[in-house]
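Residue numbers (our numbering), protein chains in the order written: chain A, 1 to 226; chain B, 227 to 452.
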DNA sequence: CGTCGATTTGACCTATCTCAATGAGAGTGG
DNA sequence: CCACTCTCATTGAGATAGGTCAAATCGACG
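If you want it as structure tokens, here you go:
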């Protein structure tokens, strides 16, 4: 099933559902862990686990998009990671999950028993390599949250989802509320930013959840170094 | 030199210089990597590397505090991680460092050759475990940047640095500018928040870089779930 | 066609930023 | 020991990006 190991080098921490679809590549799990592994299916907008749940299994996205978020006591929510094919999540320092995990699309998730995973050398290697990718994505996200304007955040977000210049149509797997919670904005500000981009002719909203980037360079300029 | 392995479980991603000083514990490197390892010293406010430098060695803080930051083209800066004893940094997805590393205090850094590290199973294990800790810190940081008010950010920051209720005096290893760049605020807002806390009697500024928390609970309330 | 949830738009408000001035502390040299 | 200077921090006054609240519009679905 898992032929090549370098699959772990695929770009990722990249939440767009179709982004890797072309190759339909399966993420890698070393043979010695195959038997400690389950794959489960989830529908869109289902919760995989909640913050505080006991963390006995490590998870990997086989297919689809997942978001990790944290809640403040008064209900404010921050999406802390967007995950796509191959990304790992659900490992924890202590015994509890430090944030909640919810699906953005229909998803297949592989669960790997935590103790077995800790024993498997090859899995540790894959895990560490994966985490690098997610580290960089989180650094970028911190810059976005700490230092970018609303417009810059939305533009950066679009670029993050735009597969390529020659693939300028994005199917947003997220509601405005989820986008807002990822970008540290309100739903109204996200909406106004989209409208402004539309007014300036940089994007076309083909459907509510379908964006065509018409002037890629202009979006790049707005994003201030994605 | 490295007797116990569980040292890697010590709390960390915790930037306060004196936080682990009591035990004077050295972070762990497996024996098989000892010879691929160098330890270097840096003075306060020295750059270890810049974003874009080639990433040929992984780094670990042996002693002191380090910050990782990214710059936007127009000079805006975001500090993306604060690191203390035992924390690892400088690994990269590609060939280049994704952010810059600068010392906050006098620092000792251990460099581990990247290729050797990738081959060492025990190091991968330590690395993965360390990264978990830093992951959680970064999630917390994203919540702070995306969803907390200025006051909440400053209160959370103080709690992060306060070793304990019975150790209420904090020596800030950072300038106001560095704090502002970590919290996603301006220097003025940080300063005003400190003044407000002082006015309300929750802290005393014994020196510019020395804060005594006088009403711990009140700070905790302000921080909104640290 | 009617209903319901999600999105967009408008009007207003406020937390934080910006710009500018003042103050405090550390180091230097007379 | 006392100016002098330099950097960093504080404070004030005014501007503004983005938040809040409320209303209008859209789109999917029965």
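All C-beta atoms, glycine included, are put in the ideal place defined by N, C-alpha and C.
Please read these numbers as outputs of a predicted model, since none were measured by experiment.
Around the beta carbon of residue 375 of chain B, fewer than 16 other beta carbons sit within 10 angstroms, so the residue counts as exposed. Taking the beta carbon of residue 357 of chain B as reference, the chain A residues within 8 Å of it are 128, 131, 135, listed in sequence order. In this chain, the alpha helix (DSSP H) harbouring residue 138 of chain A covers 121-147. Counting every other CB atom within 10 Å of its CB across the protein chains shown gives residue 433 of chain B a total below 16, marking it as exposed. A distance below 8 Å separates the beta carbons of residue 304 of chain B and residue 296 of chain B. According to DSSP, residue 59 of chain A shares a beta bridge with A/89, A/111. Taking 8 Å as the threshold, the shortest C-beta distance from residue 147 of chain A to chain B falls below it. The beta carbon of residue 271 of chain B sits no closer than 8 Å to any beta carbon of chain A. Residue burial is scored here from C-beta neighbours: residue 169 of chain A has fewer than 16 other C-beta atoms within 10 angstroms and is therefore classed as exposed. With distances taken between CA atoms, residue 114 of chain A lies nearest to A/90 out of A/179, A/103, A/90, A/45. For residue 400 of chain B, no alpha helix (DSSP H) run applies, since DSSP gives it neither H nor E. For the pair residue 132 of chain A and residue 84 of chain A, the Cα-to-Cα distance works out to about 15 Å. Here DSSP, grouped into helix, strand and coil, assigns residue 390 of chain B to strand.
Neighbours of residue 410 of chain B in chain A, taken as residues whose beta carbon is under 7 Å from its own, are 145, 146, 147 in chain order. The three-state secondary structure of residue 189 of chain A, taken from DSSP, is helix. With respect to residue 139 of chain A, residue 324 of chain B sits close: the two C-beta atoms are nearer than 8 Å. Taking every protein chain shown into account, the CB of residue 320 of chain B has fewer than 16 other CB atoms within 10 angstroms, so this residue is exposed. Below the 9 Å Cβ cutoff, chain A contributes 70, 78, 79, 80, 81, 138, 141, 142, 145, 184 as neighbours of residue 368 of chain B, in chain order. In the three-state reduction of the DSSP assignment, residue 76 of chain A falls in the coil class, being assigned neither a helical nor a strand state. For residue 371 of chain B against residue 184 of chain A, the beta-carbon gap comes to about 7 Å, under 8 Å, which counts as contact.
By the CB criterion at 8 Å, residue 68 of chain A and residue 80 of chain A fall inside the cutoff. Spatial neighbours of residue 388 of chain B in its own chain (CB-CB distance under 7 Å, excluding positions within 5 residues in sequence) are listed in chain order as 394, 396, 439.
Residue environment: residue 39 of chain A is assigned as exposed (fewer than 16 neighbouring CB atoms within 10 Å of its CB, all protein chains considered). Minimum Cα-Cα distance from residue 177 of chain A among the listed residues A/192, A/42, A/87 corresponds to A/192.
Following the DSSP letters along the chain, one finds residue 330 of chain B in no alpha helix (DSSP H), marked with neither H nor E. Per DSSP, reduced to three states, the secondary structure at residue 202 of chain A is coil, with no helix or strand assignment.
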